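Chemist:
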Amino acid sequence: MASLSDHPGEQTAPEPIKLVAVRETPLSLDEVFRAVGDDSAGGTALFVGTVRNHDGGADVDALGYSCHPSAEAEMRRVAEKVVAEFPVRALAAVHRIGDLAVGDLAVVVAVSCPHRGEAFAACRKLIDDLKHEVPIWKHQTFSDGTEEWVGAC
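Each residue of the sequence shown is one higher than the last, beginning at 80 in our numbering.
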C-alpha cells in the first residue's frame, strides 16, 4: 500500500523497517510477526534466539545482556543494509537486555519478501549481521562459578 507524498499525484513506497528496538522487557513473537505482515509478501521468515542451558560444554546458570547506547541505532543501520540488498517488504528486529533465564527470548527478527528464498536469505543476513556488528554483550555465569563475557550478541 503506497502512501501519499508531499506532492499531489505522487506516491512513495512505505518504509520497510517496521520495528527496531532494544528492550529490558520480555519479547513478543506476535508483535514481531504482526509488524512484518504485508499483503505483497509471499514469504515471511522469523528467527528466534533463546537462552540455552549450556555453552561450550559448560552448564549456564545465569545470563545477562548489556549494550552500548548506540545499539539501537546500529541495529537500524544493519536493517537498512538488509533492505538495500534484498526485496524486503517489511522487517522487524528486537533484542532483549538485562537478566534472562534459560528459555527466555533473547532476540527476535523477521523479514517479509515477495518469495520465501529471499525471506530466508534476508532473515539470515539480518541476524548474522546483528550478531557481529551491534554492540550488545552477553555475560554468562556457569555452574562451576566461572564467568564469560561474549562480545556483539
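For each residue, glycine too, the CB sits at the ideal point set by N, CA and C.
Please read all numbers here as calculations on a predicted model, not as lab measurements.
In the segment 121–208, which residue ranges form an unbroken alpha helix (DSSP H) of at least 4 residues, counting only runs that do not cross its ends?
Modeler: Taken in chain order, the complete alpha helix (DSSP H) segments of 4 or more residues contained in the segment 121–208 are 150–164.
Chemist: Which word fits histidine 194, buried or exposed, when buried means at least 16 other C-beta atoms lie within 10 angstroms of its C-beta?
Modeler: To locate residue 194, count along the sequence shown from 1; it is residue 115. It counts as exposed.
Chemist: When DSSP labels each residue in this structure, what does glutamate 103 get in the three-state scheme?
Modeler: In the sequence shown, residue 103 corresponds to position 24, counting from 1. It is coil, neither helix nor strand.
Chemist: With H, G and I counted as helix, E and B as strand and the rest as coil, what does DSSP make of serine 82?
Modeler: Looking up residue 82 in the sequence shown gives position 3. Caution is warranted here: a pLDDT of 41 is assigned to serine 82, below 50, making its placement in the model unreliable, and no coordinate value can be reported.
Chemist: In chain order, what residues of the same chain lie with their CB nearer than 6 Å to the CB of alanine 141, ignoring the 5 residues before and after it?
Modeler: Position 62 of the sequence shown, counting from 1, holds the residue named residue 141. Around alanine 141: Thr220.
Chemist: Out of Gly143, Leu125, Gly182, point me to the one whose CA is closest to valine 229's CA.
Modeler: Stepping through the sequence shown from its first residue, residue 229 is reached at position 150. Comparing Cα positions, the closest option is Gly143.
Chemist: Is glycine 182 near threonine 104, with beta carbons less than 8 Å apart?
Modeler: Start at 1 with the first residue of the sequence shown, and residue 182 comes out as number 103. Start at 1 with the first residue of the sequence shown, and residue 104 comes out as number 25. No, the Cβ-Cβ distance between glycine 182 and threonine 104 is not below 8 Å.
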